[in-house]
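Residues in the sequence shown are numbered consecutively from 2, following the numbering used here.
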Amino acid sequence: MPYRAAVDEFSFLINHLLDADALRQTNLFAEATQDVTDAILSEAGKLCDEVLAPLQRAGDLHPARLENGVVRTSPGFADGFKAIAEGGWLGMSADPAFGGMGLPMILTSAVNEMMSGACLALQLAPLMSQGEIEALEHHASDEIKALYLPKLVSGEWTGTMNLTEPQAGSDVGALKSKAEANGDGTYAISGQKIYISWGDHDVAENICHLVLARIPGAPEGTKGISLFLVPKFLPNADGSLGARNGVTTVSLEHKMGIHGSPTAVLQYDQAKGWLIGPEQGGMAAMFTMMNNARLGVGGQGIGVAEAAFQHALSYAEGRKQGRAGGDGKGSIIDHADVHRMLTSMKADIFAARAIGLSCAYAIDMARATGDPAWKARAALLTPISKAFGTDTGIAVAEMGLQVHGGMGFVEETGAAQFSRDVRVTAIYEGTNGIQAMDLVARKMMDGGEAASRLLDEMEVDIELAREHFPNMADGVWQACESMREATEWMVEQDQMNARFAGAVPFLRAFARVIGGHLHLKAAMADKGGPRERLARYYILRLLPEHMGLLVHAQAGDADLFAVTTEELVA
2 MPYRAAVDEF
12 SFLINHLLDA
22 DALRQTNLFA
32 EATQDVTDAI
42 LSEAGKLCDE
52 VLAPLQRAGD
62 LHPARLENGV
72 VRTSPGFADG
82 FKAIAEGGWL
92 GMSADPAFGG
102 MGLPMILTSA
112 VNEMMSGACL
122 ALQLAPLMSQ
132 GEIEALEHHA
142 SDEIKALYLP
152 KLVSGEWTGT
162 MNLTEPQAGS
172 DVGALKSKAE
182 ANGDGTYAIS
192 GQKIYISWGD
202 HDVAENICHL
212 VLARIPGAPE
222 GTKGISLFLV
232 PKFLPNADGS
242 LGARNGVTTV
252 SLEHKMGIHG
262 SPTAVLQYDQ
272 AKGWLIGPEQ
282 GGMAAMFTMM
292 NNARLGVGGQ
302 GIGVAEAAFQ
312 HALSYAEGRK
322 QGRAGGDGKG
332 SIIDHADVHR
342 MLTSMKADIF
352 AARAIGLSCA
362 YAIDMARATG
372 DPAWKARAAL
382 LTPISKAFGT
392 DTGIAVAEMG
402 LQVHGGMGFV
412 EETGAAQFSR
422 DVRVTAIYEG
432 TNGIQAMDLV
442 ARKMMDGGEA
452 ASRLLDEMEV
462 DIELAREHFP
472 NMADGVWQAC
482 ESMREATEWM
492 VEQDQMNARF
502 AGAVPFLRAF
512 ARVIGGHLHL
522 KAAMADKGGP
532 RERLARYYIL
542 RLLPEHMGLL
552 VHAQAGDADL
562 FAVTTEELVA
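Spelled out as structure tokens, the structure:
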């Protein structure tokens, strides 16, 4: 079955589940009417279905390669990226002053998810550029903005983020890269960075690296880190390209999946760079890009889930084996367990997608209104969106393999690629464990106020649904109250390890509960329709998982560390 972007689902979510009218009533997004929204989704869907999806398999079978110092991308990737760039998709949410469309993040997120489902390996390139565009918009000087942003928005140049080093993975503060002042306002950057997505390629004429490094004399740890813009080719004042900068591609990583995405090891040797933001303000500036990427990576997981679901559904409809009850056609989709897997896949995709778009909506409302409550909502939902979106991608891809049975383990069917490709999404941009720790620590520094406010709003919607769906509404209400009690328990724990020991189940439970609320809202908007029936399945069968998760979340750390390291290795 060819991939088909879920255009109708995005249209439903944006126009009927989120309060799109409130967004359109702001000055910032007044032009994002329903007609504009639907037209953009439709055109993006065509690009994904007709141009990007055919590249998915080629990227897996013909990986990016490094030949004599030059990176060659997979067949068709250059043309695919050109289509993305020429369509203006890189700058959907970018400032119109630099060539962007100025559209809300809900549309950018929707389009990015569609592209991820079509060809994840290629979609990583525009995602990196979009994150860099946002970081430069917020933190760069006017001169840097004027020179770099139009090129990044147009796709003539692409962007990367350079955090990780061989000795410093998630502990970014342990980096060794240094930046020495040249005396002319620029810096000489030296060091090695690893795992750089689209760190080198042949689809655009220049690559602009955002690099974390430490200026000599700066404090150790994250507080002493600064951020620098280091281009592959040094641009002239008019934007034309000058000399090659001192950055070299050492190698490309041999990865489990996303083979078409060139993941580079980069060596910086006195490379010229420009400071972005203040000295020792690198982490704050980089977090602008990282938070953009975390929302995008959550969408990547959901996009792959959608593609894996479609692939499994097509196989199940056509595969005839055994005998099943009912009036089916003898295909395995009529078997109860296969039907269960496919329905679970679809229900979780809806929940994850709705959570991700809710996060994007909060970002948009924060930008449009300046209301700190919307900013807090976006911050709260970001780790949940990233972790649940990618966990859903992994789980759905794995279930897709199971639906295929033995054929799923055979590479020629293509089912295994989804599982291999999506697995990394739970690791990069902060592992899902780090996302969960962020949720129970930093995001609870307000005493749980943002979480409590979200639960209050959810319960208002639930009360409205009681008249029509009393059983479903009661289940979601009870789940919200359990989530409220667990949140209060987290806030009361003074020892961080007590929180961290249950952080992952806490995050997943929160996602389960938010998903139940959003499914219930969908049922209200589609009474008697397929979304009501899908909501009933999610709320009655999947939502109850939150109860066991919250038991784990509130167990503390005593029994965890009672099992000693020596006993683990015995």
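By construction, the Cβ of each residue, glycine as well, lies at the ideal position given by its N, Cα and C atoms.
In the three-state reduction of the DSSP assignment, Glu-413 falls in the helix class, which pools H, G and I. Fully enclosed beta strand (DSSP E) runs of no fewer than 3 residues occupy 158 to 163, 179 to 182 and 187 to 198 of the segment 147 to 198, in order along the chain.
Straight-line measurement puts the Cα of Ala-474 at about 5 Å from the Cα of Arg-467. Secondary structure note for Trp-90: it is in no beta strand (DSSP E), with a DSSP letter that is neither H nor E. Listed as beta-bridge partners of Ala-512 by DSSP are no residues whatsoever.
Using a 10 angstroms sphere on the CB of Leu-541, the tally of other CB atoms stays under 16, which defines it as exposed. In the same chain as Gly-283, and ignoring 5 residues on each side of it, the C-beta atoms closer than 6 Å to its own belong to Leu-213, Ile-226, Ser-227 and Leu-228, in chain order. Burial of Gln-193 is indicated by the presence of at least 16 other C-beta atoms within 10 angstroms of its C-beta.
Relative to Ala-369, the option among Pro-506, Ala-563, Asp-22 and Leu-535 whose CA is nearest is Asp-22. Here DSSP, grouped into helix, strand and coil, assigns Lys-528 to coil. Rounded to whole angstroms, Val-204 and Val-266 show a C-alpha spacing of 18 Å.
Here Asn-237 is exposed. Its C-beta has fewer than 16 other C-beta atoms within 10 Å. Contact between the segment 479 to 490 and the segment 511 to 529 is established, with three or more Cβ pairs separated by less than 8 Å. Taking the CA atoms as reference points, Gln-268 sits about 12 Å from Tyr-196.
Pro-471 has its alpha-carbon roughly 36 Å from the corresponding atom of Gly-118. Annotation for Ser-252: the continuous beta strand (DSSP E) segment containing it runs 248 to 253. DSSP, read as helix, strand or coil, puts Gln-301 in helix. By DSSP's assignment, Ser-453 forms no beta bridge with any residue.
Distances from the CA of Lys-522 to each of Gly-160, Tyr-429, Glu-458 and Leu-153 were compared; the closest alpha carbon is that of Glu-458. For Ala-126, the closest C-alpha among the options Thr-165, Gly-174, Thr-74 and Gly-401 is that of Thr-74. Beta-bridge analysis with DSSP links Ala-214 to Ser-227. Take the alpha-carbon of Asp-558 and the one of Ser-345: they are about 32 Å apart. Of all alpha-carbon atoms in His-63, Ile-333 and Gly-406, the one lying nearest the alpha-carbon of His-255 is that of His-63. Here Val-72 carries a strand assignment [DSSP, helix/strand/coil]. Pro-105 counts as buried, since at least 16 other C-beta atoms from the protein chains shown sit within 10 angstroms of its C-beta. Short of 6 Å from the beta carbon of Leu-550, and not among the five residues preceding or following it, lie these beta carbons of its own chain, in chain order: Pro-506, Arg-509 and Ala-510. Contact annotation: Thr-159 and Ser-130 have beta-carbon atoms nearer than 8 Å. Between Val-397 and the set Gln-418, Gln-322 and Thr-383, the nearest pair of CA atoms involves Gln-418.
Cα atoms of Ile-190 and Arg-454: separation of roughly 45 Å, rounded to the nearest angstrom. DSSP links Ile-208 through a beta bridge to Thr-159.
Its Cα nearest to that of Glu-460, the residue Val-477 stands out among Leu-24, Val-477 and Asp-372. Cβ-Cβ separation between Gln-301 and Tyr-4: approximately 14 Å, too far for a contact (criterion under 8 Å).
Rounded to whole angstroms, the Cβ separation of Gly-81 and Leu-53 is 6 Å, and the two are in contact under 8 Å.
For Ile-385, the uninterrupted alpha helix (DSSP H) segment begins and ends at 373 to 405. Residue pairing by DSSP puts Arg-66 in a beta bridge opposite Arg-73.
Residue pairing from DSSP leaves Tyr-4 without any beta-bridge partner.
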